[in-house]
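Peer 1:
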Amino acid sequence: MSDEKATHTSGPGRRSLLAGMGAAAVPVMALSAPPAAHAIGRTVRAQSPTGQHQAGPSVVFGHVLHFLKDPGDPPDPTAWELFEDGALAIGGDGKVAYAGPASDLPERLRRGARTIDHRGHLIVPGFVDTHIHAAQVDVIASYGKQLLEWLETYVFPAEAKFDRAAHARALAGYFLDRLLAAGTTTASVFPTIHPASVDAFFEQSLQRGLRMLCGKVLMDREPYAPAYLCDRSVAEAEQQTRELIGRWHGKDRLGYSITPRFAPTSTEPMLAMTGRLLEEHPDLWLQTHAAENKDEVALVKKLFGGRSYIDVYERYGLLTKRSLFAHCVHIDATDRARLAAAGSSVAFCPTSNLFLGSGLFDLHAARRSKVSVGLGTDVGAGTSYSLLTTLNEAYKVTALRGRTLSPYRGFYLATLGGAQALDLDDTIGNFRPGNEADFTVLDFTATETLARRTDVAKDFTERLFALMILGDERAVAATYAQGRLVHDREIACLG
Numbered sequence: 226m227s228d229e230k231a232t233h234t235s236g237p238g239r240r241s242l243l244a245g246m247g248a249a250a251v252p253v254m255a256l257s258a259p260p261a262a263h264a265i266g267r268t269v270r271a272q273s274p275t276g277q278h279q280a281g282p283s284v285v286f287g288h289v290l291h292f293l294k295d296p297g298d299p300p301d302p303t304a305w306e307l308f309e310d311g312a313l314a315i316g317g318d319g320k321v322a323y324a325g326p327a328s329d330l331p332e333r334l335r336r337g338a339r340t341i342d343h344r345g346h347l348i349v350p351g352f353v354d355t356h357i358h359a360a361q362v363d364v365i366a367s368y369g370k371q372l373l374e375w376l377e378t379y380v381f382p383a384e385a386k387f388d389r390a391a392h393a394r395a396l397a398g399y400f401l402d403r404l405l406a407a408g409t410t411t412a413s414v415f416p417t418i419h420p421a422s423v424d425a426f427f428e429q430s431l432q433r434g435l436r437m438l439c440g441k442v443l444m445d446r447e448p449y450a451p452a453y454l455c456d457r458s459v460a461e462a463e464q465q466t467r468e469l470i471g472r473w474h475g476k477d478r479l480g481y482s483i484t485p486r487f488a489p490t491s492t493e494p495m496l497a498m499t500g501r502l503l504e505e506h507p508d509l510w511l512q513t514h515a516a517e518n519k520d521e522v523a524l525v526k527k528l529f530g531g532r533s534y535i536d537v538y539e540r541y542g543l544l545t546k547r548s549l550f551a552h553c554v555h556i557d558a559t560d561r562a563r564l565a566a567a568g569s570s571v572a573f574c575p576t577s578n579l580f581l582g583s584g585l586f587d588l589h590a591a592r593r594s595k596v597s598v599g600l601g602t603d604v605g606a607g608t609s610y611s612l613l614t615t616l617n618e619a620y621k622v623t624a625l626r627g628r629t630l631s632p633y634r635g636f637y638l639a640t641l642g643g644a645q646a647l648d649l650d651d652t653i654g655n656f657r658p659g660n661e662a663d664f665t666v667l668d669f670t671a672t673e674t675l676a677r678r679t680d681v682a683k684d685f686t687e688r689l690f691a692l693m694i695l696g697d698e699r700a701v702a703a704t705y706a707q708g709r710l711v712h713d714r715e716i717a718c719l720g
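Taken in order, the sequence shown gives residues 226 to 720; the numbers are from the working numbering.
1) Can you tell which of G643, K519 and F529 has its C-alpha closest to the C-alpha of L496?
2) Is DSSP giving I653 helix, strand or coil here?
3) Compute the distance between the beta-carbons of A338 and A312, then report whether it is under 8 Å.
4) Residue range of the alpha helix (DSSP H) that Q432 falls in?
5) Applying the 10 Å Cβ sphere with the 16-neighbour rule, what's the burial state of E539?
6) Starting from E463 and walking both ways along the alpha helix (DSSP H), at which residues does that stretch end?
7) Given G696, which residues of its chain have a CB within under 6 Å of its CB, disregarding the five upstream and five downstream residues?
8) In the DSSP assignment, find the beta strand (DSSP E) that holds L479 and state where it starts and stops.
9) Note the first and the last residue of the continuous beta strand (DSSP E) segment covering R357.
10) My guess is that T623 and T602 are in contact by the Cβ rule of under 8 Å, so how many angstroms apart are they, rounded?
11) Give the range of the beta strand (DSSP E) segment to which F664 is assigned.
12) Buried or exposed: V596, going by 16 or more other Cβ atoms within 10 Å of its Cβ?
13) Look up H506 in the DSSP assignment and say whether it is helix, strand or coil.
14) Suppose only complete runs of 4+ residues qualify. What are the alpha helix (DSSP H) ranges in the stretch 285-316, listed by chain order?
15) How many angstroms separate the CA atom of G568 from the CA atom of P485?
16) So the alpha helix (DSSP H) G635 belongs to, where does it begin and stop?
17) Beta carbon of A619, beta carbon of G599: below 8 Å?
18) Out of curiosity, what's the CA-to-CA distance linking Q512 and Q432?
19) Using the beta-carbon count (16 or more within 10 Å), is H346 buried or exposed?
20) Measure the C-alpha to C-alpha separation of G542 and G500 and round it to an integer number of angstroms.
21) Locate the beta strand (DSSP E) running through T679, then write down its first and last residues.
22) With H, G and I counted as helix, E and B as strand and the rest as coil, what does DSSP make of M437?
23) Using the Cα positions of A606 and I365, report the straight-line distance between them to the nearest angstrom.
24) Decide if the stretch 354-371 is in contact with the stretch 322-334; the criterion is three or more beta carbon pairs, one per stretch, under 8 Å apart.
25) Can R699 and T672 be called in contact, C-beta distance under 8 Å?
26) Consult DSSP for D536 and reduce its assignment to one of helix, strand or coil.
27) Tell me whether L600 sits in a helix, a strand or coil according to DSSP, three-state version.
28) Out of F286, D557, D663 and A644, state which residue places its alpha-carbon closest to the alpha-carbon of Y705.
29) Counting along the chain, where does the beta strand (DSSP E) carrying F326 start and finish?
30) For T409 and R436, I'd like the C-alpha separation in whole angstroms.
31) In whole angstroms, give me the CA-to-CA distance for P259 and G584.
32) How big is the Cα-Cα spacing for A551 and T576?
33) On the three-state DSSP scale, how would you describe Q707?
34) Quick one, which of G643, D329, H555 and L549 has its alpha-carbon nearest N518's?
35) Look at the alpha carbon of F415 and the alpha carbon of G582, and state the distance between them as a whole number of angstroms.
36) Near M693, which residues of its chain fall below 6 Å by C-beta distance, leaving aside the five closest residues on each side in sequence?
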């Protein structure tokens with residue numbers, strides 16, 4: 226190990242934390258003092274277009290937290306592991322080799338590894354955003370509409386610009402940089418109907434070495450999709466989708482999602498084609514919206530009939546283990562039972578649901594029904610790229626439903642819960658040896674308010690809750706993908 230190796234003392238290890246949480250992390254070979262707390266920092270660009278981004282063996286020191294299962298309510302302490310004087314060892318293949326007390330780190334993993342010192346900071350698996358729109362970065366914070374009118378007024382005109390490849394590339398790069406600055410390393414992403422928007426997103430993701438899901442949006446029903454954003458035919462939409470699947474699915478860390486926007490913008494033949502593709506390619510994902518807004522639910526009933534919104538998707542074979550339905554605010558127990566039986570998942574998008582006045586998602590009912598749930602920022606209806614900010618709002622939505630959201634379940638939802646919702650928990654989501662080493666480094670002292678609350682907190686649970694409620698992009702000190710630095714708030718060189 227390099228000469229910069231820090232000296233570590235043995236601590237109590239799992240699920241405990243010493244009082245001195247306020248110390249700032251000391252990056253190896255720091256070039257300058259940390260910038261002001263409001264700085265976003267820089268996103269580190271990939272050095273190679275090949276998609277091979279491993280940085281060699283390394284050992285990261287800090288407070289390490291990850292989850293083994295849903296902590297539940299009240300939280301079950303066996304659901305997580307916390308190593309207050311912890312180490313995360315990453316092999317040359319970019320995968321986790323060890324996560325545990327620094328004092329127990331095997332010598333074979335120390336030997337020849339570079340040292341990255343984040344002591345005093347919290348190391349968690351990279352955040353997983355289960356629902357977000359790469360094409361809506363310019364409509365975030367658009368005033369005064371609910372869902373259907375908001376789409377017509379703001380979203381569709383913005384998405385029409387993505388027929389230009391240069392615009393699609395520029396916005397895809399900006400979008401991914403914002404995700405990394407927020408600590409998000411994997412997302413399920415909506416582009417537009419334009420194949421160029423998919424190509425641009427995947428190209429930019431490949432350059433950064435990220436695990437991402439995306440797929441061409443499918444829309445063919447006027448007037449609910451405007452004529453200028455409609456697929457010209459189901460046959461052409463299928464052909465374009467098949468070409469994109471062949472070009473991108475399974476390339477490096479990329480996965481393809483069949484993406485009908487939502488039932489009202491799809492004809493019956495389009496939904497049937499989607500179901501055929503899923504049956505033909507069971508390793509693909511599906512992402513769409515469901516039961517977000519009461520007027521939308523009424524429109525689906527008018528257009529399709531049937532018992533419920535979920536029933537429409539089930540009719541066309543869209544409920545699979547890799548199907549993700551954003552929102553599901555207005556569903557019932559029967560819908561939840563059908564989602565659970567199929568292994569389908571839901572994206573909980575609190576900032577979006579509050580901003581558009583859509584309603585309050587029932588997290589506890591979903592989990593009680595064994596429906597897998599992840600968190601979604603849903604930018605641009607959502608108001609922040611940060612899953613910490615999203616957890617802040619999720620706590621409030623849950624409180625309005627008369628329940629609580631512990632910081633343990635919150636951070637589970639942002640990490641392993643999101644990975645499970647995307648059927649990627651055998652690859653990402655926690656620090657199980659063999660998983661890809663995507664992780665985020667969080668700073669308990671990122672703002673004066675957070676630092677003060679951390680300083681007076683009586684235990685780790687209070688500190689973690691303060692981070693969940695007061696944290697945002699400023700609390701993200703660094704973001705890593707496969708052990709490689711991809712965002713650095715403090716402008717540090719890690720050698």
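Just so it is clear, CB atoms sit at the ideal spot from N, CA and C, and this is done for glycine as well.
Source: prediction; values computed, not measured.
Peer 2: Taking the definition as stated:
1) The closest CA to that of L496, considering only G643, K519 and F529, is found on F529.
2) DSSP, read as helix, strand or coil, puts I653 in coil.
3) Judged by their CB atoms, A338 and A312 are not nearer to each other than the 8 Å cut-off.
4) Counting along the chain, the alpha helix (DSSP H) containing Q432 begins and ends at P420 to R433.
5) Buried, because 16 or more other Cβ atoms sit within 10 Å of the Cβ of E539.
6) For E463, the enclosing alpha helix (DSSP H) begins and ends at V459 to W473.
7) So the list reads L613, once near-sequence residues are dropped.
8) Note, L479: beta strand (DSSP E), L479 to P485.
9) With the sequence shown as reference, residue 357 is identified as Ile, and Arg is not the correct amino acid for it. It spans F352 to H358 - the beta strand (DSSP E) in which I357 sits, taken as one unbroken run.
10) No, T623 and T602 are not in contact; Cβ-Cβ is about 17 Å, not under 8 Å.
11) For F664, the uninterrupted beta strand (DSSP E) run begins and ends at F664 to L667, by DSSP.
12) With 16 or more Cβ atoms within 10 Å of its Cβ, V596 is classed as buried.
13) Coil.
14) Residue ranges of uninterrupted alpha helix (DSSP H) with 4 or more members are absent from the stretch 285-316; none lies entirely inside it.
15) Each residue's Cα considered, the two are about 19 Å apart.
16) In the DSSP annotation of this structure, the continuous segment of the alpha helix (DSSP H) that includes G635 starts and ends at P632 to Y637.
17) Contact: no.
18) The C-alpha of Q512 lies about 24 Å from the C-alpha of Q432.
19) Label assigned to H346: buried.
20) G500 has its alpha-carbon roughly 5 Å from the corresponding atom of G542.
21) It is not in any beta strand (DSSP E) - T679 instead sits in the alpha helix (DSSP H) that spans E673 to V681.
22) Under the three-state reduction of DSSP output, M437 falls in the strand class.
23) Distance between the alpha carbons of A606 and I365 is about 6 Å.
24) Contact between the stretch 354-371 and the stretch 322-334 is absent, with fewer than three C-beta pairs closer than 8 Å.
25) Against a cut-off of 8 Å, the Cβ pair of T672 and R699 comes out as a contact.
26) In the three-state scheme derived from DSSP, where H, G and I count as helix and E and B as strand, D536 is classed as helix.
27) It is a strand residue.
28) The residue from F286, D557, D663 and A644 with its alpha-carbon nearest to that of Y705 is D663.
29) The sequence shown places Pro at residue 326, not Phe. Run containing P326: V321 to P326, per the beta strand (DSSP E) assignment.
30) Between T409 and R436, the C-alpha separation is close to 10 Å.
31) Low local confidence applies: a pLDDT of 29 at P259 is under 50, so the model's placement there is unreliable, with the coordinate-based value given in what follows. Roughly 41 Å between the two C-alpha positions.
32) If you take the alpha carbons of A551 and T576, they lie about 13 Å apart.
33) In the three-state reduction of the DSSP assignment, Q707 falls in the coil class, being assigned neither a helical nor a strand state.
34) Of G643, D329, H555 and L549, the residue nearest in Cα terms is H555.
35) Taking the straight line joining both Cα atoms gives about 21 Å.
36) For M693, where only same-chain residues beyond five positions count, the Cβ hits under 6 Å are L616, P632 and G635.
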